[in-house]
Each structure stands twice: as structure tokens, then as C-alpha cells.
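Before any comments, here is the structure.
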Amino acid sequence: MKIAVVGASGMAGSRVVAEAASRGHHVTAVFRSTPPKSPHPGVEVVRGDATDVDRMSAVFAGVDAVVGATRPRPGAEDTVAATVTALLDAAAGTRVLVVGGAGPLRSPLGGLVIDDPLFVPAAWRTIASASTTQLQACEAHTGDWVYLSPPALLEPGVRTGAYRRGTTTILAAADGSSRISAEDLAVAIVDELENPGQDRHFTVGY
3 MKIAVVGASG MAGSRVVAEA ASRGHHVTAV FRSTPPKSPH PGVEVVRGDA TDVDRMSAVF
63 AGVDAVVGAT RPRPGAEDTV AATVTALLDA AAGTRVLVVG GAGPLRSPLG GLVIDDPLFV
123 PAAWRTIASA STTQLQACEA HTGDWVYLSP PALLEPGVRT GAYRRGTTTI LAAADGSSRI
183 SAEDLAVAIV DELENPGQDR HFTVGY
């Protein structure tokens, strides 16, 4: 497959680039300001702003799938809807997997995760709210998209290759924790690209 990863220098995007390249896919790694530190052999690295529809349209020409792994700067959370809309416009029907947030998921206790302090502390509420707006922007778009909500805690770790897949309710372990390593999130993302599921909104976790 030919895969474009937008936000390729970030925690999630850099690991998606590595995972996809390790499986033999042709990867175009798109960064905005800071290039990937250690580009993988055979990975094409290009500069581009996710909101520049003309530039992204040119980058996406000929790709089979796009991964949108952008994250707003602190204080710019209100830009996520416009950013994902621009990506979908630029993709022009090519499938886009959006790496979103846990906020729009349902809590096991009822209601949304964004309103459950067990999963979203007050300090995370702004970005969690932005992810809800981001999903709504996807739902309003006619493009071919799938929205992946990570669990409550996403952090660098190790690649185990093991994870659980769910739909729109957050996944939690027996001890109540909801987490996954960025490496295993990348595994789940490339798995979805290789073998697309039926759900437009899904989640993964341990």
C-alpha cells in the first residue's frame, strides 16, 4: 500500500510511519515544522501543512490511504475541526484514518468519557472536548473516513502486537485502567488500513 501519514513527527504519527514501513508499505511522512528525527529507509519525507488543501491534495495523489495524526498546539484546540475537514477535502475520497481522542467514547457507567473524571481529569478536558468536535466534523463530511479513539492513556512504550478492539465504548482493564502504548496503537492503525473493519468509529486498548 501507499500510505501518507500527516503529523509524522508526533508520538502517534512517528510510530505509524515505523510500523507501516516495517510491513513493507510505501510511506509518505508529512511534517509541518519539525522533520522526523530518524526517517526510515524508503520513507519519503515531505513538509506540508494539514490545512493547506492544495498542498495536501498533491501529496495525497496516488496514495491508497491517509492517516491523520495531527495534534493541535496547546491553546489551539479549537482548530481541530477545520484541520480534519481540510484533510478530508484534500483526500478527495481516499480513505482517511483519523487518530482522534477518547472524549467522544461512551463511559461504561453511562454518558460520555469526556464527562467522566475517572478517564478525563480536569486538565485534559479541553483537548477531550476538541476530539468530540473533531468527530462531529468527520460525521458532517461526505468523505471516506474512519475515526479511531485511543483509550484514556496513550504513551510511549513497547510494541507487543496485542490489543483489544471495541466500538464506541471505552475499553478498560480489570483494574479500571484504560491505556495502550503508542507502538501498539500504530499496530492497530496499520491493521485497520490493511483489513478495514465495518465501524466508522472504533477504539482499541489493552
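In this note's numbering, the protein residues as written are 3 to 208.
In this text, a Cβ means the ideal position worked out from N, Cα and C, and glycines have one as well.
Remember, predicted model here, so these are calculated numbers, not experimental data.
Per DSSP, reduced to three states, the secondary structure at alanine 93 is helical.
Where arginine 49 is concerned, the enclosing beta strand (DSSP E) starts and stops at 46–49. Following the DSSP letters along the chain, one finds leucine 155 in no alpha helix (DSSP H) but inside the beta strand (DSSP E) bounded by residues 155–157. DSSP lists no bridge partner for isoleucine 172. Of the candidates Thr85, Phe62 and Arg127, the residue whose Cα lies closest to the Cα of glycine 95 is Phe62. DSSP, reduced to helix, strand and coil, places valine 29 within a strand of the structure shown. Of the candidates Gly77, Pro76 and Gly103, Gly103 places its Cα closest to the Cα of valine 86. When C-alpha distances from glycine 105 are compared across Lys39, Pro153, Asp80 and Gly145, the shortest belongs to Pro153.
DSSP places glycine 15 within a helical segment (H, G or I) once states are collapsed to three. 8 Å or more divides the Cβ of isoleucine 172 from the Cβ of proline 74. The beta carbon of arginine 166 sits closer than 8 Å to those of Leu173, Val206, Gly207 and Tyr208, all from its chain and outside the five residues before and after it, given in chain order. Between the segment 183–197 and the segment 12–28, the count of Cβ pairs shorter than 8 Å is three or higher; the stretches touch. Your pair alanine 67 and methionine 3 checks out as a contact, with CB atoms roughly 6 Å apart and the cut at 8 Å.
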